[in-house]
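Trainee: One structure coming up, written as structure tokens, with questions to follow.
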Amino acid sequence: MAEHTPHGKELGIKFVAVDKGRATMSLPYNTELIGDPKTRVLHGGAVTTLLDQACGLAAIAGFDKPRMCATLNLSIDYMRAAEPGKTIIAQAHCYKATKHVAFLRAVAHDGDETDPVATAQATFMATSMLKKDPKNG
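Here the numbering used here is used: position 5 in the sequence shown is -6, and no number is missing along the way.
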């Protein structure tokens, strides 16, 4: 998924694993994504995007039949700055999926799952694939 979205591709987000209702993605350290030049910590927006994409993939994998989906709500709790130079890993879990809505939790860490960089609570809604505009092909 990350390699298939322009934003994820630009940030360098990588697919790691997917299973029923679960997804893992990573964001390798990149100096172009530094939010604070003094501390060299990655920008929080990059962490948010990583968590959003991991939750989206877990939502797709959480429905009975995989379907595209869109973020309805995303709440992030930043717990600490990620260590400069380390890859950030996001692990998302779809704990409930109805016919059209998936509910997820996710954790982002930089190597120690017990010491998160951030956590997320998210809601995604299944969408239908967009049809091509006949005028624009």
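We put the beta carbon where it would ideally sit given N, CA and C, even for glycine. Please read all numbers here as calculations on a predicted model, not as lab measurements.
Contact between the segment 57 to 64 and the segment 11 to 28: three or more CB pairs below 8 Å?
Mentor: Touching, no, given that fewer than three Cβ pairs across the two stretches are closer than 8 Å.
Trainee: For residue 41, name the three-state secondary structure that DSSP assigns.
Mentor: Numbered from 1 along the sequence shown, position 52 holds the residue referred to as residue 41. Residue 41 falls in the helix class under three-state DSSP.
Trainee: For residue 52, write down the residues that DSSP places opposite it in a beta bridge.
Mentor: Along the sequence shown, one-based indexing puts residue 52 at 63. Per DSSP, none; premise fails for residue 52.
Trainee: Identify every run of the alpha helix (DSSP H) within the segment -8 to 39, keeping only runs that are complete inside it and at least 4 residues long; order them along the chain.
Mentor: Listed in chain order, the complete alpha helix (DSSP H) runs (minimum 4 residues) inside the segment -8 to 39 are -5 to 0.
Trainee: In the DSSP assignment, find the unbroken beta strand (DSSP E) run with residue 66 in it and report its ends.
Mentor: In the sequence shown, residue 66 corresponds to position 77, counting from 1. Taken as a continuous stretch (DSSP letters only), the beta strand (DSSP E) holding residue 66 covers 58 to 67.
Trainee: Out of 71, 94, 87, which one is the CA nearest neighbour of residue 101?
Mentor: On the sequence shown, residue 101 is found 112 positions in, with the first residue counted as 1. Closest by alpha carbon: 71.
Trainee: Cα separation between residue 47 and residue 12?
Mentor: By one-based count along the sequence shown, residue 47 stands at place 58. By one-based count along the sequence shown, residue 12 stands at place 23. Rounded to whole angstroms, residue 47 to residue 12 spans 5 Å at the Cα level.
Trainee: If we count the other Cβ atoms within 10 Å of its Cβ and call it buried at 16 or more, is residue 6 buried or exposed?
Mentor: Taking the sequence shown and counting its residues from 1, one reaches residue 6 at position 17. It is exposed - the Cβ of residue 6 has fewer than 16 other Cβ atoms within 10 Å.
Trainee: So what's residue 70 in DSSP terms, helix, strand or just coil?
Mentor: Against the sequence shown, residue 70 aligns to sequence position 81. In this structure, residue 70 counts as coil in the three-state DSSP scheme.
Trainee: Name the DSSP beta bridge partners of residue 79, please?
Mentor: On the sequence shown, position 90 is the one that residue 79 refers to. BP columns for residue 79 point to 14, 97.
Trainee: Report the rounded CA-to-CA distance for residue 53 versus residue 41, giving the unit in angstroms.
Mentor: As a working note, residue 53 is residue 64 in the sequence shown. As a working note, residue 41 is residue 52 in the sequence shown. Approximately 21 Å between the Cα atoms of the pair.
Trainee: Measure the alpha-carbon distance for residue 83 versus residue 95 and round it to whole angstroms.
Mentor: As a first step, residue 83 is located in the sequence shown; it is residue number 94 there, counting from the start. As a first step, residue 95 is located in the sequence shown; it is residue number 106 there, counting from the start. Taking the straight line from one Cα to the other gives about 9 Å.
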